[in-house]
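Engineer: Quick one: structure below, then a few questions.
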Amino acid sequence: MKRKIGVAALLGLLLAGALTTSAQAQCGTGPMIIFNTNSFAYEVPTPVTSPYLSPAGNSLTVVGLVQKFCAPFLDLNPVILVSGTSPDTEFTFVFSGLTSGGTSTATVGSTKIYTTVYSSAGFEIWRDGPPRDAPQTAAAMPGGPPAGAVPGAYKNGTKILSGTLANFTVQVTKTGTNNPNGSYRGDATFTGGTLYSRVQNTGSTLVHGNWCVFGCLPPAGGYSAQVDGKFDTPATPAHSSTWGAIKQLYR
Amino acid sequence: MKRKVLLLLLTAVFALAVPAYAQQYELLFAFTGFDYQDPNSVPGPLADHADYLAVGEGYKVVGFVTQFGPLLTPWVDPDTYEYTNHIFNLTVTGHFFFGGFLEADFADGGRARYYRDKLTTGTPGTYGTFPPNLTSPSTFIDGGPIDGMRLGGGLKNATLTYDFGLNQGNFNSEMTVDEGPDLIYIPASQRPGWTLAGLAGRPNATVPAGYDNQITGDCKILATPAAHKTWGAVKALYR
Numbered sequence: 079m080k081r082k083i084g085v086a087a088l089l090g091l092l093l094a095g096a097l098t099t100s101a102q103a104q105c106g107t108g109p110m111i112i113f114n115t116n117s118f119a120y121e122v123p124t125p126v127t128s129p130y131l132s133p134a135g136n137s138l139t140v141v142g143l144v145q146k147f148c149a150p151f152l153d154l155n156p157v158i159l160v161s162g163t164s165p166d167t168e169f170t171f172v173f174s175g176l177t178s179g180g181t182s183t184a185t186v187g188s189t190k191i192y193t194t195v196y197s198s199a200g201f202e203i204w205r206d207g208p209p210r211d212a213p214q215t216a217a218a219m220p221g222g223p224p225a226g227a228v229p230g231a232y233k234n235g236t237k238i239l240s241g242t243l244a245n246f247t248v249q250v251t252k253t254g255t256n257n258p259n260g261s262y263r264g265d266a267t268f269t270g271g272t273l274y275s276r277v278q279n280t281g282s283t284l285v286h287g288n289w290c291v292f293g294c295l296p297p298a299g300g301y302s303a304q305v306d307g308k309f310d311t312p313a314t315p316a317h318s319s320t321w322g323a324i325k326q327l328y329r
Numbered sequence: 003m004k005r006k007v008l009l010l011l012l013t014a015v016f017a018l019a020v021p022a023y024a025q026q027y028e029l030l031f032a033f034t035g036f037d038y039q040d041p042n043s044v045p046g047p048l049a050d051h052a053d054y055l056a057v058g059e060g061y062k063v064v065g066f067v068t069q070f071g072p073l074l075t076p077w078v079d080p081d082t083y084e085y086t087n088h089i090f091n092l093t094v095t096g097h098f099f100f101g102g103f104l105e106a107d108f109a110d111g112g113r114a115r116y117y118r119d120k121l122t123t124g125t126p127g128t129y130g131t132f133p134p135n136l137t138s139p140s141t142f143i144d145g146g147p148i149d150g151m152r153l154g155g156g157l158k159n160a161t162l163t164y165d166f167g168l169n170q171g172n173f174n175s176e177m178t179v180d181e182g183p184d185l186i187y188i189p190a191s192q193r194p195g196w197t198l199a200g201l202a203g204r205p206n207a208t209v210p211a212g213y214d215n216q217i218t219g220d221c222k223i224l225a226t227p228a229a230h231k232t233w234g235a236v237k238a239l240y241r
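Quick note, the sequences are listed as chains Y and B, same order. Mapped onto our numbering, the consecutive letters of the first sequence carry residue numbers 79 to 329. Mapped onto our numbering, the consecutive letters of the second sequence carry residue numbers 3 to 241.
Now the structure itself:
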């Protein structure tokens with residue numbers, strides 16, 4: 079009987095794999111969780127000044143929407159619509175508790191470099207709705223965060239994943255007369271959430287992406303960056319096991 | 003009379019420009035992928051900046067489109083098609099390195115495109131190793147005569163900065179969309195003025211051998227901060 083259940087489970091997994099071909103095709107290799115570009119950063123208590131000067135001691139928060147899940151979360155579909163009126167479930171993420179060590183500056187060639195290292199902190203990924211309540215566009219972001227739906231609407235529903243962020247670094251550069259642009263990079267380690275078992279014992283993985291600081295911020299004001307990016311697939315396998323243990327599952 | 007003609011012209015220019023420079027940014031598309039050097043005339047370990055984006059070397063990106071903005075969303079179908087992107091024809095003209103930090107400048111003339119290929123009958127984008135290879139960029143720039151390249155544009159003022167100490171950097175370029183069947187969905191006033199930008203990062207076990215960085219980026223029109231001026235100041239411009 080157990081063997082039949084095991085075979086049925088395997089067939090089910092294969093079918094699920096077939097149904098998720100579309101999502102996998104857009105993932106390629108590397109990404110595990112891809113962010114929507116309508117994701118934004120803000121700092122308190124002192125505003126970040128242009129192009130990116132973060133006072134030491136400031137607290138950085140990033141709130142955003144998940145655009146796409148890749149393996150091992152291919153069964154989750156954010157189905158984000160531009161209109162923001164979809165009744166579907168929303169997936170949101172929050173980085174919080176990142177304390178600025180202050181911004182250092184340097185110049186190389188025609189490039190000015192602004193580097194900010196933040197203290198270790200945490201992240202959370204939530205599943206919520208319907209209906210969706212997190213802002214879906216830059217225009218919908220409330221001014222002067224924390225305010226209105228920020229960050230509350232990004233931290234409600236079911237916490238599917240959580241963890242720690244270390245070595246979180248933002249580097250903004252301005253080359254010649256080009257607009258400034260930046261990137262961020264941190265080491266994420268999963269530690270909890272209802273779907274933690276899928277990434278348990280994977281070690282740390284990279285969370286990183288573009289950090290836009292000019293011409294991309296919510297018009298209501300109070301934000302320091304528009305963020306895209308992703309959690310990468312951890313380098314270590316999701317589960318360490320033996321053939322004996324796997325066979326035991328179906329006996 | 004001349005002043006009236008000038009004012010009419012300015013009004014027309016502003017009317018055309020308004021959709022392109024709204025108060026919030028507008029996304030065209032976002033992508034992830036990997037970059038590589040081709041031609042790579044100075045091969046070597048990436049830890050040494052002298053081997054990375056030397057003057058005369060080429061820069062290319064292949065990857066997948068992960069999100070479309072409001073102009074394109076009604077016209078794309080990720081359930082039916084795989085959408086891939088390709089950045090190419092970028093040649094390094096400047097290489098400045100100091101204190102572990104690199105600034106690489108590129109000649110104008112690079113291009114960025116996205117393609118579509120049927121999920122059921124097409125060829126999935128496959129990175130392989132040490133590009134160009136049998137699958138890259140070929141499986142990212144295919145789709146047949148009906149599908150294939152859907153939208154492309156020219157790049158200028160492209161730069162890539164990279165901090166070898168932090169293992170992170172970013173690229174930034176201006177883009178004018180000017181080709182492909184999906185160009186009809188972009189109003190003429192919004193074809194210039196896009197910014198193509200993103201992260202360039204390494205090392206990471208997910209970067210296939212022979213590629214340099216993983217890339218996460220987007221193409222968007224940036225908002226222009228509202229200028230606060232008096233009527234007197236505005237009128238003074240035309241006196």
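Quick reminder that beta carbons are idealized off the backbone N, C-alpha and C, glycines included. For clarity, every value in this text was computed on a predicted model and none was experimentally measured.
Taking the DSSP output, what are the residues bridged to Y:I191?
Structural biologist: Within the first sequence, the letter at position 113 stands for residue 191 of chain Y. Y:I191 is bridged to Y:A184 and Y:T251.
Engineer: Beta strand (DSSP E) containing Y:K142: first to last residue?
Structural biologist: Here residue 142 of chain Y refers to the residue found at position 64 of the first sequence. The sequence given here places Gly at residue 142 of chain Y; Lys does not occur at that position. Unbroken beta strand (DSSP E) run through Y:G142: S137 to F147.
Engineer: Give me the subset of the region 180-205 of chain B whose CB atoms are less than 9 Å from a CB atom of chain Y, sorted by chain position.
Structural biologist: Those residues of the region 180-205 of chain B that come within reach of chain Y (Cβ to Cβ, closer than 9 Å) are T197, A199, G200, L201, A202 and G203.
Engineer: At a Cβ threshold of 8 Å, is Y:T311 touching chain B?
Structural biologist: On the first sequence, position 233 is the one that residue 311 of chain Y refers to. Chain B contact via Cβ: present.
Engineer: On the criterion of 16 or more Cβ atoms from any shown chain inside 10 Å, does B:K222 qualify as buried, or is it exposed?
Structural biologist: For the purposes of this step, residue 222 of chain B is taken as the residue at position 220 of the second sequence. The residue is buried, with at least 16 neighbouring Cβ atoms inside 10 Å.
Engineer: Measure the Cβ-Cβ separation of B:F31 and B:V64 and say whether it is below 8 Å.
Structural biologist: Taking the second sequence and counting its residues from 1, one reaches residue 31 of chain B at position 29. Taking the second sequence and counting its residues from 1, one reaches residue 64 of chain B at position 62. Taking 8 Å as the Cβ cut-off, B:F31 and B:V64 do not qualify as a contacting pair.
Engineer: Which residues, taken in chain order from the region 269-293 of chain Y, show a beta carbon closer than 9 Å to some beta carbon of chain B?
Structural biologist: Those residues of the region 269-293 of chain Y that come within reach of chain B (Cβ to Cβ, closer than 9 Å) are T283, L284, H286, G287, N288, W289, C290, F292 and G293.
Engineer: So the candidates are B:G112, B:A160 and B:L104; which of them puts its Cα closest to the Cα of Y:I191?
Structural biologist: As a position in the first sequence, residue 191 of chain Y is number 113, starting the count at 1. Nearest C-alpha to Y:I191: B:L104.
Engineer: Candidates Y:P129, Y:A119, Y:A303 and Y:P109: which alpha carbon is nearest Y:P150's?
Structural biologist: The count along the first sequence starts at 1 and reaches residue 150 of chain Y at position 72. Ranking Y:P129, Y:A119, Y:A303 and Y:P109 by Cα distance to Y:P150 puts Y:P109 first.
Engineer: Quick check on B:N215 - is its C-beta less than 8 Å from some C-beta in chain D?
Structural biologist: Absent here is chain D; the protein component of the structure consists of chains Y and B.
Engineer: Taking buried to mean at least 16 other C-beta atoms within 10 Å of its own C-beta, is Y:A244 buried or exposed?
Structural biologist: Walking along the first sequence from the start, residue 244 of chain Y turns up at place 166. Answer is exposed; the Cβ neighbour count stays below 16.
Engineer: Could one say the Cβ of Y:T180 lies closer than 8 Å to chain B's Cβ atoms, at least one of them?
Structural biologist: Residue 180 of chain Y sits at position 102 when you count from the first residue of the first sequence. The sequence given here places Gly at residue 180 of chain Y; Thr does not occur at that position. Taking Cβ atoms only, chain B never reaches closer than 8 Å to Y:G180, which makes this a no.
Engineer: From Y:A266, Y:P213 and Y:A217, pick the residue whose C-alpha is nearest to that of Y:P229; which is it?
Structural biologist: For the purposes of this step, residue 229 of chain Y is taken as the residue at position 151 of the first sequence. It is Y:P213.
Engineer: Candidates B:T128, B:L121 and B:E181: which alpha carbon is nearest Y:G106's?
Structural biologist: Within the first sequence, the letter at position 28 stands for residue 106 of chain Y. Of the listed residues, the one whose Cα sits closest to Y:G106 is B:T128.
Engineer: Using only alpha-carbon positions, find the residue among B:G96, B:R115, B:Q25 and B:I186 that is nearest to B:Y85.
Structural biologist: If you number the second sequence from 1, residue 85 of chain B lands on position 83. Considering only alpha carbons, the answer is B:R115.
Engineer: Just to make sure I have the definition right: I need the residues of chain B whose C-beta is within less than 8 Å of the C-beta of Y:N257. Which are they?
Structural biologist: Numbered from 1 along the first sequence, position 179 holds the residue referred to as residue 257 of chain Y. Near Y:N257 (Cβ distances below 8 Å), the residues of chain B are N174, T197 and L224.
Engineer: Tell me, which residues are paired with Y:K237 by DSSP?
Structural biologist: Position 159 of the first sequence, counted from the start, is the residue given in the question as residue 237 of chain Y. Per DSSP, Y:W204.
Engineer: Can you tell me where the beta strand (DSSP E) holding B:E28 begins and where it ends?
Structural biologist: Within the second sequence, numbered from 1, the residue matching residue 28 of chain B stands at position 26. That run of the beta strand (DSSP E) goes E28 to Q39.
Engineer: In this structure, does DSSP put Y:T242 in helix, strand or coil?
Structural biologist: The residue you call residue 242 of chain Y lines up with position 164 of the first sequence. Y:T242: strand per DSSP, three-state reduction.
Engineer: Kindly indicate if chain B contains any beta-carbon less than 8 Å away from that of Y:A212.
Structural biologist: One-based indexing of the first sequence puts residue 212 of chain Y at position 134. By this cut-off, Y:A212 is not an interface position.
Engineer: Might you give, ordered along the chain, the residues of its own chain that have their beta carbon closer than 6 Å to the beta carbon of Y:L131, omitting 5 neighbours on each side?
Structural biologist: Counted from its first residue, the first sequence places residue 131 of chain Y at position 53. Hits under 6 Å: T181.
Engineer: Would a C-beta distance cut-off of 8 Å place B:Y213 and B:P133 closer than the cut-off?
Structural biologist: Against the second sequence, residue 213 of chain B aligns to sequence position 211. Against the second sequence, residue 133 of chain B aligns to sequence position 131. Yes, Cβ-Cβ distance for B:Y213 and B:P133 is below 8 Å.
Engineer: Can you say whether B:I143 is buried or exposed, counting buried as having 16 or more other CB atoms within 10 angstroms of its CB?
Structural biologist: Within the second sequence, residue 143 of chain B is the residue found at index 141, counting from 1. That one is buried.
Engineer: Please classify B:F100 as buried or exposed, where buried requires at least 16 other C-beta atoms within 10 Å of its C-beta.
Structural biologist: Counting from one through the second sequence, the residue named residue 100 of chain B turns up at place 98. Per the 10 Å Cβ criterion, exposed.
Engineer: Using DSSP with H/G/I as helix, E/B as strand and the rest coil, what is B:R115?
Structural biologist: Counting from 1 along the second sequence, the entry for residue 115 of chain B is found at position 113. Note: B:R115 maps to strand in three-state DSSP.
Engineer: Alpha carbon to alpha carbon, how far is B:K62 from B:N159? Give it in angstroms, no decimals.
Structural biologist: By one-based count along the second sequence, residue 159 of chain B stands at place 157. By one-based count along the second sequence, residue 62 of chain B stands at place 60. About 16 Å.
Engineer: Would Y:F246 and Y:P129 qualify as a contact pair, given that the criterion is a beta-carbon distance under 8 Å?
Structural biologist: Stepping through the first sequence from its first residue, residue 246 of chain Y is reached at position 168. Stepping through the first sequence from its first residue, residue 129 of chain Y is reached at position 51. No, they are not a contact pair.
Engineer: Which same chain residues end up closer than 7 Å to Y:L138 when comparing Cβ atoms and leaving out the 5 residues on each side of it in sequence?
Structural biologist: Taking the first sequence and counting its residues from 1, the one referred to as residue 138 of chain Y is at position 60. Same-chain partners within the cutoff: A119, E121, L176, S178 and Y196.
Engineer: When DSSP labels each residue in this structure, what does B:F98 get in the three-state scheme?
Structural biologist: Start at 1 with the first residue of the second sequence, and residue 98 of chain B comes out as number 96. Strand.
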